[in-house]
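First to last, the protein sequences are chains C and V. Counting from 1, position 104 in the first sequence corresponds to residue 103 in numbering that gives the first Met the number 0; the numbering is continuous, with no gaps. Counting from 1, position 35 in the second sequence corresponds to residue 34 in numbering that gives the first Met the number 0; the numbering is continuous, with no gaps. Glycine included, every Cβ here is placed at the ideal spot set by N, Cα and C. Source: prediction; values computed, not measured. Accompanying notes for the structure given below.
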Amino acid sequence: MNQATIHSIRTHVMPVDSFKTNTFILQLRTELSSSDITEKALLPSILERGTQHFPSRLHIQGALEELYGAHLSADVVKKGEHHILTFRLEVANEKFLKDAAPLTERAVQLLSSIFLYPALENESFPAQAVAEEVRSHKQKIASVYDDKMRFANKRLTEEMCKDEPYAVPVLGYEQDLPKVTGKSLYKAYKKLLQESHVDLYVIGDIQEEELLGHIEKYMRLEDNNPVPVKVMEKKAASAPNIIKEQQQVQQAKLHIGYRTGITFGDEQYFPLQVFNSLFGGSPHSKLFVNVREKASLAYYAASRLESHKGIMIVMAGIDSAKFDEASSIIDQQLEDMKNGDFTEEDIEQTKAVLINQILETIDVPRGRVELEYHGSIIGEEWTAEKWIEKIKKVTKDEIISAAKQVEKDTVYFLSGKEEQANA
Amino acid sequence: MHNLTFKQLDETLYTEELNNGLKVFILPKKGFNKTYATFTTKYGSIDNKFIPLNGSEPIKVPDGIAHFLEHKMFEHENGDVFQDFSKQGASANAFTSFTRTAYLFSSTSSVDKNLNTLIDFVQYPYFTEETVEKEKGIIEQEINMYEDNPDWQNFFGLLGTMYETHPVRTDIAGTAASISEITKDDLYTCYHRFYHPSNMVLFIVGNVEPEHVMKVVRENQASKSFETAEEPVRFYPEEREDVYRKATEIPMPVNIGKCLVGVKEKNPDIQGQDLLSRELSIQILLELIFGQSSENYQRLYSSGLIDDTFSFDYTAESGFGFSVIGGDSEDPEKLAGEIKKTIEQFKSEPFPVESFERIRKKKIGFFLRALNSPEYIANQFTRYRFNEMDLFDVIPQLEKIDPALLQEVLEDHFDLANQVSACFIVPERNET
Chain C
0 MNQATIHSIR THVMPVDSFK TNTFILQLRT ELSSSDITEK ALLPSILERG TQHFPSRLHI
60 QGALEELYGA HLSADVVKKG EHHILTFRLE VANEKFLKDA APLTERAVQL LSSIFLYPAL
120 ENESFPAQAV AEEVRSHKQK IASVYDDKMR FANKRLTEEM CKDEPYAVPV LGYEQDLPKV
180 TGKSLYKAYK KLLQESHVDL YVIGDIQEEE LLGHIEKYMR LEDNNPVPVK VMEKKAASAP
240 NIIKEQQQVQ QAKLHIGYRT GITFGDEQYF PLQVFNSLFG GSPHSKLFVN VREKASLAYY
300 AASRLESHKG IMIVMAGIDS AKFDEASSII DQQLEDMKNG DFTEEDIEQT KAVLINQILE
360 TIDVPRGRVE LEYHGSIIGE EWTAEKWIEK IKKVTKDEII SAAKQVEKDT VYFLSGKEEQ
420 ANA
Chain V
0 MHNLTFKQLD ETLYTEELNN GLKVFILPKK GFNKTYATFT TKYGSIDNKF IPLNGSEPIK
60 VPDGIAHFLE HKMFEHENGD VFQDFSKQGA SANAFTSFTR TAYLFSSTSS VDKNLNTLID
120 FVQYPYFTEE TVEKEKGIIE QEINMYEDNP DWQNFFGLLG TMYETHPVRT DIAGTAASIS
180 EITKDDLYTC YHRFYHPSNM VLFIVGNVEP EHVMKVVREN QASKSFETAE EPVRFYPEER
240 EDVYRKATEI PMPVNIGKCL VGVKEKNPDI QGQDLLSREL SIQILLELIF GQSSENYQRL
300 YSSGLIDDTF SFDYTAESGF GFSVIGGDSE DPEKLAGEIK KTIEQFKSEP FPVESFERIR
360 KKKIGFFLRA LNSPEYIANQ FTRYRFNEMD LFDVIPQLEK IDPALLQEVL EDHFDLANQV
420 SACFIVPERN ET
């Protein structure tokens, strides 16, 4: 991979000839904060509404179709206390087309148009488009409630990280929406351009010199002075807090949050990865085998790490009456991990699975960028090869000592109503 | 072994039918780390009535049994196949659709070993009363999970509104009641009828050497014997041509309502090139009418009836087919009305030839993008094969479609008077 900084955009080019498309991924990273979160959440959709060159959604979509169904998406996520706005554009490689049009240059133009030249009315986003996007966004926020797994995760994070920026929901707040105007959105947009750390990844069968020339010519980001993202000190677990809520659901959701105190970049991060995979991150994991296969309590029971926050979350869908049984099996698995109750063979199996996952991830352009972006966040270079080297070196003692740092913090249980009444 | 080269796509497909009837396809992908293999039987949730192997009378089996069988295949005397795969650095999975059950693994090392594991576990059934009973708890939770999923409920609600008797109207996993009836003998009966190599396709895509992989498969199969088997005889109830009901409303614990409009296929028995042509034509029409580059999308969006969950799709297999259009909406019923009106109006207007050329480009680009994905290639190729189509005909077929054909399909498929149903998810009132 080659890196160059052009108009303060860190540009990473990965020339690979195994894909039929070329992929552009643009990442803008800023601090996660409640003050401007709602505006930032609206930016992806408002920017897709029109540019100075393609004045409406209809024009943008038409241009994408002309580019042989180029695929554009934009969204926001949080990684720890970092806020990341992403644009992705995937374009067919012209060598597979009958009329070989120069798609790469047009792709850079289009991406640049969306990123830097939005359609504006007097220094603000057009009122009509803003009203429509606010309406649609309100619906999106409300519908988090409808996906119960997502809802339970949101509630767990709200409770567990009450006084931390991490609790800020990436979609923003419904109560902020009435205050959002074309002006306030434009202000948030300008601020984002000025303050964010900007990375552009390009993957495909690409002539690097030519591509860099296009970026130089079209992606003229100005006055960008990245502001360092302040991350909260890692917090120790509090005495476990248990929150139980009810809705008219068939299946109860048991979500448990743990503090690990270990984030990406720490020495203990890769032992923690191996720990997580063996504990609940794979189909040979202790949670899958014991909660699902042995006790038949769940269809899914898994754990995942929030790598930049130092948190682990366990999720299981169970019968409403099985809270105690499932909780105690899960607790027992963690105890067993802390006591080193696993074999060298288990470790080898887990490493093989993790390494396979990494190699598979980098077969997908987007996966490769997401993997390497972890390094970018902490200002280091982390290639897939380096990940794999680190995983290979993890020892049993290191896994046990990582496990010992994992402490239960908050339990969130969403259960059904009838079952509860009968229990 | 034969090979077929698709020059424009820079792909070569290797294929062979073994003596026992198993069809094997290998698509080498240079530069990929991953190898992905699917081993698929032409047997899904709708195949619930058939003549057992060596039997003479049709039998009816409980709903959800194909999916139940899929779960149980992963267990053998010494434990669980997931463990074997993960020891070999692979990840395994399976899925059941209306018409297929597929077993798969992906791995970046030990491909031969993993391939043998895949073939061997699918060709070796092992069920006991005890393990069958145990699985019921797990699948019941899977069913409950889907019961809480409003999009899934909306989709099956729509199928149940369009179809009166065809088993496509029943959830793939069945119900808690139907799976409780399943016994180990039922599982063996279904297994022996539908898992014969002649009813299956093995597809391997990835960084592999085709001659070598084919040899691994041949040797694996030569070491096993299979009795000869005729093609399965399946029975489906007579289904009416028009829709069963016009609309269904389902209250659920949600904040935002949902609307799906379905158009039931009138000619669900076409296969091969005809099906490919129809499928692509309807997909292009849906893009033209409702795509994000259409005035219609913009109008529905501005009027507050849709958001970016709005989507559409066309699905067809032997015996059933439908278009589905819709998404989240504050007013699902009004949206259904607007969707119908929009189709009506599109039919009455001159055909938009220019937009059609753009959409055709879009479909070609989509297909190229999809060819980056080993999962897409293996799964779609197999689906096409079972319907006598060829995945690599997609681009030539797209190039053949013209406005005259599209107008004919438009009139025939989008019959608003007889073929359209709707299903709504509405927020239920919370008493707390």
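Apart from the five residues just before and just after residue i, which ones in its own chain have a Cβ nearer than 7 Å to its Cβ?
| i | result |
| --- | --- |
| threonine 95 (chain V) | Gly43, Ser44, Ala65, His66, Glu69, Ile171 |
| glycine 205 (chain V) | Lys28, Phe31, Lys33, Thr34, Tyr35, Pro373 |
| glycine 303 (chain V) | Glu329 |
| arginine 168 (chain V) | Leu158, Gly159, Tyr162 |
Please confirm whether residue i has its beta-carbon closer than 8 Å to some beta-carbon of chain C.
| i | result |
| --- | --- |
| valine 204 (chain V) | no |
| glycine 30 (chain V) | yes |
| isoleucine 255 (chain V) | yes |
| tyrosine 375 (chain V) | no |
| alanine 89 (chain V) | yes |
| proline 453 (chain V) | Because chain V here runs from 0 to 431, residue 453 (chain V) falls outside it and cannot be looked at. |
| tyrosine 102 (chain V) | no |
| isoleucine 358 (chain V) | yes |
| phenylalanine 365 (chain V) | yes |
| glutamate 208 (chain V) | no |
| serine 317 (chain V) | no |
Between the Cα of residue i and the Cα atoms of the options, which residue gives the shortest distance?
| i | options | result |
| --- | --- | --- |
| serine 44 (chain C) | V:Thr308, V:Glu264, V:Lys59, V:Arg217 | V:Thr308 |
| glutamate 210 (chain V) | V:Asp46, V:Thr11, V:Phe31, V:Ser301 | V:Thr11 |
| serine 32 (chain C) | C:Leu41, C:Leu253, C:Thr22, C:Glu80 | C:Glu80 |
| glutamate 230 (chain V) | V:Val212, V:Ser224, V:Gly261, V:His195 | V:His195 |
| leucine 192 (chain C) | C:Ile202, C:Val410, C:Ser7, C:Gly203 | C:Ser7 |
Can you grab the Cα-Cα spacing for the pair residue i / residue j, in whole Å?
| i | j | result |
| --- | --- | --- |
| valine 405 (chain C) | tyrosine 268 (chain C) | 12 Å |
| alanine 91 (chain V) | serine 109 (chain V) | 14 Å |
| lysine 263 (chain V) | leucine 415 (chain V) | 10 Å |
| valine 290 (chain C) | leucine 277 (chain C) | 14 Å |
| threonine 40 (chain V) | aspartate 147 (chain V) | 29 Å |
| alanine 238 (chain C) | glutamine 152 (chain V) | 39 Å |
| glycine 364 (chain V) | alanine 151 (chain C) | 38 Å |
| proline 349 (chain V) | lysine 252 (chain C) | 52 Å |
| arginine 56 (chain C) | isoleucine 24 (chain C) | 20 Å |
| threonine 227 (chain V) | phenylalanine 319 (chain V) | 30 Å |
| leucine 84 (chain C) | leucine 199 (chain C) | 12 Å |
| threonine 247 (chain V) | tyrosine 165 (chain C) | 41 Å |
| isoleucine 79 (chain V) | glutamate 398 (chain V) | Note that residue 79 (chain V) corresponds to aspartate in the displayed sequence, not to isoleucine. If I take the Cα positions, the gap works out to 47 Å. |
| leucine 27 (chain C) | methionine 13 (chain C) | 19 Å |
| tyrosine 116 (chain C) | isoleucine 376 (chain C) | 26 Å |
| valine 393 (chain C) | glycine 280 (chain C) | 17 Å |
Identify, in the order they occur along the chain, each residue of the same chain with its Cβ nearer than 6 Å to the Cβ of residue i, setting aside the five sequence neighbours on each side.
| i | result |
| --- | --- |
| tryptophan 386 (chain C) | Ile357 |
| glutamate 30 (chain C) | Val228 |
| leucine 390 (chain V) | Gln379, Phe380, Tyr383 |
| serine 112 (chain C) | Thr50, His52 |
| phenylalanine 274 (chain C) | Ile398, Ala401, Ala402 |
| glutamine 87 (chain V) | Ser109, Lys112, Asn113 |
| isoleucine 50 (chain V) | Pro57, Val232 |
Measure from the C-beta of residue i to each C-beta in chain V and report whether the shortest distance is under 8 Å.
| i | result |
| --- | --- |
| asparagine 1 (chain C) | no |
| serine 135 (chain C) | yes |
| aspartate 145 (chain C) | yes |
| phenylalanine 95 (chain C) | yes |
| asparagine 355 (chain C) | yes |
| alanine 126 (chain C) | no |
| arginine 87 (chain C) | no |
| valine 352 (chain C) | yes |
Please return the same chain residues whose Cβ sits closer than 8 Å to the Cβ of residue i, not counting the five positions on each side in sequence.
| i | result |
| --- | --- |
| isoleucine 400 (chain V) | Ser276, Leu279, Ser280, Ile283, Arg359 |
| leucine 404 (chain V) | Ser276, Ser280 |
Chain D partners of residue i, CB-CB under 7 Å?
| i | result |
| --- | --- |
| asparagine 371 (chain V) | Annotation note: the requested chain D is absent from the structure, which comprises protein chains C and V. |
Confirm the yes/no value for this check: CB of residue i, any heavy atom of the ligand NAP, distance under 7 Å.
| i | result |
| --- | --- |
| glutamate 410 (chain V) | With respect to the ligand NAP, the structure offers nothing, as it holds no ligand at all. |
According to a CB-to-CB cut-off of less than 7 Å, which residues of the segment 134-162 of chain V neighbour chain C?
Gly136, Ile137, Gln140, Glu141, Asn143, Met144, Glu146, Asp147, Pro149
Identify each residue in the segment 228-252 of chain C for which the Cβ-Cβ distance to at least one residue of chain V is less than 8 Å, and report them in chain order.
Gln245, Gln246, Gln247, Val248, Gln249, Gln250
Taking a cut of 9 Å between CB atoms, which residues from the segment 291-304 of chain V lie near chain C?
Gln291, Ser292, Ser293, Glu294, Tyr296, Gln297, Tyr300, Ser301, Gly303
Listed from N- to C-terminal order along the chain, which residues in the segment 7-36 of chain V have their beta-carbon within a distance smaller than 8 Å of any beta-carbon of chain C?
Gln7, Leu8, Asp9, Lys28, Lys29, Gly30, Phe31, Asn32, Lys33
For the segment 63-97 of chain V, list every residue whose C-beta sits within 7 Å of some C-beta in chain C, in sequence order.
Asp79, Phe81, Gln82, Ser85, Lys86, Gly88, Ala89, Ser90
Using a Cβ cut-off of 9 Å, which residues of the segment 322-333 of chain V contact any Cβ in chain C, in chain order?
Within the segment 322-333 of chain V, the residues whose Cβ lies closer than 9 Å to some Cβ of chain C are Asp327, Ser328, Glu329, listed in chain order.
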